[in-house]
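Using this note's numbering, you'd call the opening residue of the sequence shown number 12 and step up by one each time.
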Amino acid sequence: MLEANRAKLIELEALRGIAASIVLLHHFLLVVAPRLHGRNFPDDPIALVRTPLFALVNGTAAVSIFFVLSGFVLTLRAMERQDWRQLVAGAAKRWPRLVPLVVTTNILSAVFVLLGLYQDRTWFGTGVFDPDLSVVRSALIDGLFTTFFHGSARFNTVLWTMHYELFGSFAAYATALILIFQRSFALAMPTGTIVLVLTAAYTGDGGVYYATMVSGVLIARIYMERDTVAVALAFMHPWRAPIVLVTAALAIVLCGYEGYSRPTGFYAFMAPFASPEMEPVLHGIAAVAIVALALFCEPLRKQLARPAAALLGRLSFPIYLVHLPILLALIAPVHSSLDANLGAMVAAPVAFLLFVALTLAAAYPLARFDEWWVRKLHEMTSRVVTTMRAA
C-alpha cells in the first residue's frame, strides 16, 4: 500500500510542477505580451482569455490545483494509518514548513527594491518604495508573519496564496481528524461534504479556497477506498473513455474562465452571472476533476510519472515563489531593451528562455534547502509523535 502511494504521490508532485509552470507562464504573458494574455484586453482578437486555451496560462486556476493537492497529500497517510497524532503534528509544523522559502524570496525581492531593479511598481503593495521604509526588515516581518496571518503580499504578489495555504491546511487537518473516526465510507463522504460546504460558507472571504483544500481530503478518502469504489462503479466501465474525455474537457473549459475581466468570445454566455466570486468555485471544481484524473486515469498517471515531470514537481514550490521577482527585476528590463532594438518577435522568445533559465537556476538550490528543512522538521515531529504514542 505505501509503495503504491509513493508512486501516486510522484504523479501528484508532477501535477504540482505543471501548475507552477502555468503560473510562471501566466505572469510572463501579463508582463511581456499582455494583449495575448488578455486579462486587461478581453476584446483583442488575439486574447487567449476569450477561449478555453486560456486554461494553459491561467495562473489563478493553477492555484486551485495547488490547494486540492495540498489537502490530499497532507492528510492521506495519517488517514490510512488512522493516526490522529500525525495530523496534530502536521498542523503544528505547517507554518514552520512554509516560512523559510517565503522569507528568502521576500528578502530577495527587498534586495531588488534596494537596487532599483523594479521598473513597474504596480505589482507591489503600499509603502514598498517609501524611502523611509526599512525594506529588508519589512520584508522579513512580512515573510515571517504578515503574509501568513494577514495575507500581505507587498513584496511578491504570488504570496497572496500563503494565507489560504496555511489556514486551508488547518481546515484539511480538522476534516481528516473527523473522517478518521468515521470508519464507514458511506457516512464519511456525506460528513466530509457537509464540512466542505460549511467551510466555504462560513469562513469569510476566501472560504472557497479553504474548502478547496478540504476537497483534497475527500479525494484522499476516496483514494483509500478505491478498490471498493471501483467495484461499485464497475457498471460504468464501458463508458470509461467518454467519461474521461468529458471530464477533461469540462476541466479545461472551467480553468479557462477568468473572473476579473468581462467574459467575451467563447465565455460570452457567462456575462450575465460572471463575477470574481464565481471564479474560485469554477476553478475548484476543475481542480478536483484534474486531480481525480491524475489519480485514476492510468494513461495520464503514467505520463505524469516520467522522471522529468517528477523533477519539475520537486522544483514547483521554489519556482512558484521566486519566478515573479526574477521576471519583474531582471527579465522585464531585458525584454524592453530587446524589444526596442530587435523587435517583439525576437525579444519575447529570448526573454522567455532567459526567464526559464534564471528561474530554474534559482529554484534548484532553494529546492535542495527546502528538502533539507522538511527532513529536519519531520525528524523533530516524529520524535514528538513517538513520545505521544508512548504516553
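From the three backbone atoms N, C-alpha and C, an ideal C-beta is built for every residue, glycine too.
Check this for me: beta carbons of residue i and residue j, under 8 Å apart or not?
i, j, result
"Ala-183", "Gly-270", "no"
"Thr-172", "Val-110", "no"
"Phe-328", "Leu-112", "yes"
"Gly-179", "Tyr-220", "yes"
"Tyr-175", "Ala-340", "no"
"Ala-66", "Ile-296", "no"
"Val-84", "Leu-40", "no"
"Val-42", "Ala-374", "no"
"Leu-323", "Ser-32", "yes"
"Val-208", "Thr-186", "no"
"Ile-76", "Leu-26", "yes"
"Val-338", "Ala-378", "It should be noted that the sequence gives Leu, not Val, for residue 338. No, the Cβ-Cβ distance between Leu-338 and Ala-378 is not below 8 Å."
"Leu-388", "Arg-108", "yes"
"Pro-376", "Ser-120", "no"
"Ala-72", "His-294", "yes"
"Thr-210", "Ala-222", "yes"
"Leu-365", "Val-345", "yes"
"Glu-24", "Ala-321", "yes"
"Leu-188", "Trp-106", "no"
"Ser-226", "Val-299", "yes"
Of the residues the options, which one's Cα is nearest the Cα of residue i?
i, options, result
"Phe-159", "Thr-137, Leu-170, Ile-337 and Pro-344", "Leu-170"
"Pro-408", "His-389, Leu-341, Ala-279 and Arg-251", "For the chain, the structure presents residues 12 to 402; residue 408 sits outside this window and is missing."
"Tyr-331", "Thr-168, Leu-261, Leu-59 and Tyr-213", "Thr-168"
"Pro-8", "His-346, Ala-259 and Val-302", "In this structure the chain extends from 12 to 402, so residue 8 is not present and cannot be described."
"Phe-78", "Met-224, Phe-196, Thr-204 and Ala-30", "Met-224"
"Glu-390", "Gly-101, Thr-86, Val-60 and Arg-50", "Gly-101"
"Lys-104", "Thr-397, Trp-384 and Ala-197", "Trp-384"
"Arg-394", "Arg-96, Met-90, Ala-89 and Arg-92", "Arg-96"
"Pro-360", "Ala-245, Glu-24, Ala-44 and Ala-30", "Ala-44"
"Gly-218", "Asp-238, Pro-291, Arg-237 and Val-242", "Pro-291"
"Gly-28", "Phe-277, Asn-51 and Leu-80", "Leu-80"
"Tyr-1", "His-48, Pro-53, Leu-47 and Glu-24", "Within the shown structure, residues of the chain are numbered from 12 to 402, placing residue 1 beyond reach of any answer."
"Pro-253", "Ala-241, Gly-162, Cys-308 and Ala-89", "Cys-308"
"Gly-136", "Gly-162, Thr-397 and Phe-246", "Gly-162"
"Tyr-268", "Val-257, Val-255 and Ala-285", "Ala-285"
"Phe-156", "Val-114, Pro-249 and Glu-382", "Val-114"
"Thr-3", "Gly-127, Ala-245, Phe-181 and Leu-198", "Summary: the structure shown does not reach residue 3, with the chain confined to residues 12 through 402, and so no result is reported for it."
Where does residue i fall in DSSP's three states?
i, result
"Ile-21", "helix"
"Glu-236", "coil"
"Leu-315", "helix"
"Asn-352", "helix"
"Phe-140", "coil"
"Val-68", "coil"
"Pro-56", "coil"
"Cys-266", "helix"
"Leu-9", "Nothing about residue 9 can be reported from this structure: the residues present for the chain run from 12 to 402 only."
"Glu-288", "coil"
"Pro-274", "coil"
"Phe-328", "helix"
"Ala-259", "helix"
"Ala-30", "helix"
"Gly-295", "helix"
"Arg-50", "coil"
"Ala-320", "helix"
"Phe-135", "coil"
"Leu-41", "helix"
"Thr-62", "coil"
"Leu-126", "coil"
"Ser-145", "coil"
"Leu-306", "helix"
"Leu-244", "coil"
Within a Cβ cutoff of 8 Å, which residues of the same chain sit near residue i, ignoring the five residues on either side of it in sequence?
i, result
"Ile-118", "Val-147, Ala-150, Leu-151 and Gly-154"
"Met-200", "Leu-229, Arg-232 and Ile-233"
"Arg-50", "Leu-41, Val-60, Glu-269, Tyr-271 and Ser-272"
"Val-421", "Here the chain covers residues 12 to 402 and nothing more, so residue 421 does not appear."
"Ala-15", "Residue placement at Ala-15 is poorly supported in this model, since its pLDDT is 39, which falls under 50; the coordinates are not used for a value here."
Might you give, ordered along the chain, the residues of its own chain that have their beta carbon closer than 6 Å to the beta carbon of residue i, omitting 5 neighbours on each side?
i, result
"Leu-334", "It is worth fixing the name first, because residue 334 is His in this sequence and not Leu. Closer than 6 Å at the Cβ level, and outside the excluded window around His-334, lie Leu-35 and Thr-370."
"Glu-22", "Ala-305, Arg-312, Leu-315 and Ala-316"
"Met-281", "Pro-274"
"Ala-164", "Leu-170 and Trp-171"
"Leu-13", "The pLDDT assigned to Leu-13 is 33, lower than 50, so where the model puts this residue is not dependable, and the model offers no usable value."
"Asn-69", "Cys-266"
"Leu-98", "Ala-89, Tyr-184, Ala-187 and Leu-188"
Give every residue of the same chain whose Cβ lies closer than 7 Å to the Cβ of residue i, excluding the five residues on either side of it in the sequence, and list them in chain order.
i, result
"Val-357", "Leu-349"
"Met-289", "Gly-270"
"Arg-17", "Here Arg-17 scores only 47 on pLDDT, less than 50, and its place in the model should not be relied on; the value that follows carries that caveat. If we look at Arg-17 and ignore the five residues flanking it on each side, it has no Cβ neighbours."
"Pro-283", "none"
So is the beta-carbon of residue i under 7 Å away from any non-hydrogen atom of the ligand SAM?
i, result
"Phe-39", "Judged by which ligands are present, the structure shown has none, so any question about the ligand SAM falls away."
Can you give, in chain order, each stretch of the alpha helix (DSSP H) that sits fully within the segment 330–398 and has at least 4 residues?
-> 343–353
If you scan the segment 69–109 from start to end, which runs of the alpha helix (DSSP H) of 4 or more residues do you find wholly inside it?
-> 70–92
4-residue-minimum alpha helix (DSSP H) runs that sit fully inside the segment 157–237, ordered along the chain = 158–161, 171–191, 196–213 and 218–235
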